[in-house]
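One structure is given below, encoded as structure tokens.
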Amino acid sequence: YAIFSHTWARDGEDEIGFDDLRSGNFLKSSTGWHKIQHCRRQAARDGLQYAWIDTCCIEKRSSAELQEAINSMYHWYSRSNVCYVFLTDARESGVSRIDNAFTRCLWFSRGWTLQELLALKYVYFYDKDWQLLGDKRSLQCWISRAAGIDGDVLRGDYSLQQCSVAMRMSWAARRHTTRVEDRAYSLLGLFDVNMPMLYGEGSKAFMRLQEEIIKTNNDQSIFVWESDQSNHIGMLAPNLEAFEGKGDHFYHTFFPPQGFSLSNSGLLIKMPL
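Written as structure tokens, this is what we have:
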């Protein structure tokens, strides 16, 4: 099956939802319908039987289904045959203009699209007219520049597990989501953790994400962050911005990370000087 990656229309208007598709109550002139049609046709051309699109394949009124989808999404992407990325603001498909048409696209600033870029090998990028710009390998240098991700990672020479926590956090530091909680929820797959969705908790979602990471990962780079919030107290970062510029922290295989524990009394950790 194929998976579709895109940026949603403002406030979700003009997108085709689960109930819309089931009832047929939508405008066939809408942008959302054109996205579905283009994705379906491309999947058929590629010999694939199915296509999955987040706007219409999740029953978002069901909190149980939405929670399962968010916790499973990275897994769904990684198991797909191909991902089609639709760049609504890419208007130039010529190679000489691809820098302006590609690296400044809104897609590279959205939180959810990070996992869609990294979960699988075959990712193809299309401009607003559904003209192919290239794939993840051929566009590697531009993707690296736009996303702030090293080419070795994009090529798959390094797995996500070989990238430090600080490095993975840095990739998301400049990305944004409509709801503040989704900045944390969109990273679950990148760290291979699961946690319940609690919309309304605000910035606490990012604190819970870090706590879940600590439970399964001894990587001490989770403490490599900086913040100008003078009122913040604690060992965990207050937000993703605190990891901006921390992407150069790699694992040191000659000195494997030591275990540590975090409690309401403080941090117990052993580390080299």
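Heads up: the sequence shown at position 207 corresponds to 207 in UniProt numbering, and the numbers run straight through without jumps. Here a beta-carbon is modelled for each residue, glycine too, at the ideal position from N, C-alpha and C. Model, not experiment: these values are computed from the prediction.
{"query": "Span separating the alpha-carbon of Trp52 from that of Asn264", "result": "43 Å"}
{"query": "Any alpha helix (DSSP H) of 4 or more consecutive residues that is wholly inside the stretch 167-248", "result": "182-185 and 204-216"}
{"query": "For Arg110, the three-state DSSP class (helix, strand or coil)", "result": "strand"}
{"query": "C-alpha distance - Phe254 paired with Gly24, whole-angstrom precision", "result": "Low confidence applies here, because Phe254 scores a pLDDT of 45, under 50, leaving its location unreliable and the question unanswered by this model."}
{"query": "Spatial distance of Tyr158 from Lys60 (CA atoms)", "result": "35 Å"}
{"query": "Meets three-Cβ-pair contact criterion under 8 Å: the stretch 139-148 and the stretch 100-114", "result": "yes"}
{"query": "Ordered list of alpha helix (DSSP H) runs contained in the UniProt domain \"Heterokaryon incompatibility\" (1-95), each at least 4 residues", "result": "18-23, 31-45, 54-57 and 63-79"}
{"query": "Asp99 (DSSP reduced to helix, strand or coil)", "result": "helix"}
{"query": "Boundaries (first-last residue) of the beta strand (DSSP E) holding Ser144", "result": "No beta strand (DSSP E) contains Ser144, which is instead part of the alpha helix (DSSP H) from Gln140 to Ala147."}
{"query": "Classification of Ser261 by the beta-carbon crowding that lies within 10 angstroms, buried from 16 upward", "result": "exposed"}
{"query": "Cβ pair Ser78, Leu120 closer than 8 Å", "result": "yes"}
{"query": "Cβ neighbours of Cys57 in the same chain (closer than 8 Å, five flanking residues each side left out)", "result": "Phe18"}
{"query": "Top-ranked residue by Cα proximity to Ala172, from Met235, Pro196 and Ala184", "result": "Ala184"}
{"query": "Residues near Ala146 by beta carbon distance below 6 Å, same chain, minus five either side", "result": "Thr103 and Phe108"}
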